[in-house]
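Per this note's numbering, the sequence shown starts with residue 875, numbered consecutively.
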Amino acid sequence: MAFAIAVTRERREGETRCAVTPETVKKLVAMGATVSVEAGTGHGSSFPDADYIAAGAVVQPDTHAVLTGADLVLKVRGPTAQEISALKPGAVVVALLDAWREKDTVTAMAAASVTAFAMEFVPRITRAQVMDALSSQANLAGYRAVIEAAAAYGRGFPMMMTAAGTVAPAKVFVMGVGVAGLQAIATARRLGAVVTATDVRPATKEQVESLGAKFLAVEDEEFKNAQTAGGYAKPMSPEYQAKQAILTGEHIKKQDIVITTALIPGRAAPVLVTADQVATMKPGSVLIDLAVEAGGNVEGARSGEVVVTPNGASIVGIANLPGRIASDASSLYAKNLVAFAGLLVKDGVVNIDLEDEILKAAVVTHGGAVVHEGLKG
């Protein structure tokens, strides 16, 4: 007997992505699923309902019709209260839950006896690379950050030599060299900018230089040990932060564009650029804060707004940058979900093995309780 997969239209403000595409519907059906998709699910990503039907999905008129009897619910963002109330006990939800901040949603799913998996908790191990939604979305965010910077910046990016004179290349400084930062570096370089970058993890220096950018950091003993086993940045001491602030502060004065990407799981984003540092920048300079939804790396950044400072710098706080490339972002995320769903399905039915290291790391609620260690209490 086929198991039922349900996909609802995303209702969070500004969310244009979707959790399945016509391409991945075919793969889910091949796994033995019946796939129900709410009407309009793919509109924000340029996937019409007719394409889902052609791929083998049933398009339903509303949320309740889609979710009734669903065994597995695939979403981009966490479910709404209305969606949770429509789920049967034991249903499985897989989404980018933003579980550290959306604790009310997590609690509600536990109370409804829903088993929920957070795609942001998928471990960074070789076996799980194809499920790494954070990386797939951050890659696009890094690219889009540079496009947004170019649009906001009132000058050209590359050096241009003309009969009337030479246009100097833009100076771009990327702060935080994870997946998003590396893509931002590569994109800015492709557009012809002079690029520098910084990160507290020593392993990133070689990556930065391999892309043709210059690495900037205080390279002391603390710097040499500033990376976790999982590849994330460790919080740095106040002493190191002070030294790094002096170095980067002098550098920021000379930059046309600053792109910040630093995030620490489960914590507010670290402030990398202070208001005083922003005040030293030239009129027309641009700061793009990719961490604005987690509190922001740039002091004064506001989610969903462009803040123009008294000295004429623009702090751009765009929420959900991947959503500005919704078709590609949805295609990549949907493939992440198909791979994850493969762990949940055995012999044509949903059969969860919480001893699997990937599922064990990603599970948030199960059996009527919050089970993720970092979210209990």
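Note that beta-carbon positions come from the ideal geometry of N, C-alpha and C, so glycine has one too.
Outcome for residue i when other beta-carbon atoms lying within 10 angstroms are tallied against a minimum of 16
i            : result
residue 1137 : buried
residue 1008 : buried
residue 891  : buried
residue 956  : exposed
residue 1252 : Residue 1252 lies beyond the range of the chain shown here (875 to 1251); nothing can be said about it.
residue 1186 : exposed
residue 1075 : buried
residue 946  : buried
residue 1171 : buried
residue 1022 : buried
residue 1035 : exposed
residue 1072 : buried
residue 1127 : exposed
residue 1033 : exposed
residue 1208 : buried
residue 1111 : exposed
residue 1210 : buried
residue 999  : exposed
residue 1121 : exposed
residue 961  : buried
residue 948  : buried
Residue i vs residue j beta-carbon contact at 7 Å
i            : j            : result
residue 1161 : residue 1019 : no
residue 847  : residue 971  : The chain is shown only over 875 to 1251; residue 847 falls outside these bounds and no answer can be derived.
residue 909  : residue 879  : yes
residue 1090 : residue 1070 : yes
residue 1238 : residue 996  : no
residue 1028 : residue 1158 : yes
residue 1232 : residue 1002 : yes
residue 1086 : residue 1063 : yes
residue 881  : residue 893  : yes
residue 1053 : residue 1100 : no
residue 1212 : residue 901  : yes
residue 1281 : residue 1174 : Past the edges of the chain, shown from 875 to 1251, lies residue 1281, and the structure says nothing about it.
residue 1134 : residue 1146 : yes
residue 898  : residue 1204 : no
residue 973  : residue 1249 : yes
residue 1180 : residue 1166 : no
residue 1214 : residue 1005 : yes
residue 1031 : residue 1042 : no
residue 1016 : residue 1058 : yes
residue 989  : residue 1240 : yes
residue 925  : residue 933  : no
residue 877  : residue 1236 : no
DSSP bridge partner residues for residue i (one or two, in chain order)
i            : result
residue 983  : Partner(s): none; residue 983 has no beta bridge.
residue 950  : Its beta-bridge partners do not exist; DSSP assigns none.
residue 1233 : BP columns for residue 1233 are empty, so no partner.
residue 1047 : 1070, 1132
residue 1161 : 1132, 1189
residue 992  : 969
residue 877  : 907
residue 1243 : 1240
residue 1181 : 1189
residue 940  : Beta-bridge pairing links residue 940 to no other residue.
residue 1147 : 1172
residue 912  : 934
residue 1088 : 1070
For residue i, the first and last residue of its enclosing alpha helix (DSSP H)
i            : result
residue 1240 : Run containing residue 1240: none in the alpha helix (DSSP H); it sits in the beta strand (DSSP E), 1237-1240.
residue 1201 : 1200-1218
residue 1226 : Taken as a continuous stretch (DSSP letters only), residue 1226 belongs to no alpha helix (DSSP H), as it is neither H nor E.
residue 1011 : 1007-1026
residue 933  : No alpha helix (DSSP H) contains residue 933, which is instead part of the beta strand (DSSP E) from 932-934.
residue 1036 : It is not in any alpha helix (DSSP H) - residue 1036 instead sits in the beta strand (DSSP E) that spans 1034-1036.
residue 1173 : Unbroken run through residue 1173: none, as it is neither H nor E.
residue 1079 : 1078-1084
residue 1195 : Counting along the chain, residue 1195 falls outside any alpha helix (DSSP H), and DSSP gives it neither H nor E.
residue 1053 : 1053-1064
residue 1118 : 1112-1126
residue 958  : 955-960
residue 927  : 923-929
Limits of the beta strand (DSSP E) - the one that residue i falls within
i            : result
residue 827  : The first residue shown for the chain is 875 and the last is 1251, placing residue 827 beyond what the model contains.
residue 1040 : 1039-1041
heavy atom of the ligand NAP below 6 Å from residue i C-beta
i           : result
residue 894 : Of the ligands one can find in the structure shown there are none, so the ligand NAP has no counterpart to examine.
(request) Decide yes or no for the touch test of the region 953-973 against the region 914-922: beta carbon pairs closer than 8 Å, at least 3 of them. (result) No contact exists between the region 953-973 and the region 914-922.
(request) Count the C-beta pairs between the region 877-894 and the region 1178-1196 that are closer than 8 Å, then say yes if the count reaches three, no if not. (result) The region 877-894 is in contact with the region 1178-1196.
(message) Using 8 Å as the cut-off, can you tell me whether the region 1091-1098 makes contact with the region 1038-1053, which would need three or more C-beta pairs spanning the two stretches below that distance?
(response) In short, these stretches do not touch, since the Cβ pair count stays below three.
(request) Examine the Cβ distances between the region 922-932 and the region 893-910 and report whether three or more of them are shorter than 8 Å. (result) With three or more CB-CB distances shorter than 8 Å, the region 922-932 counts as touching the region 893-910.
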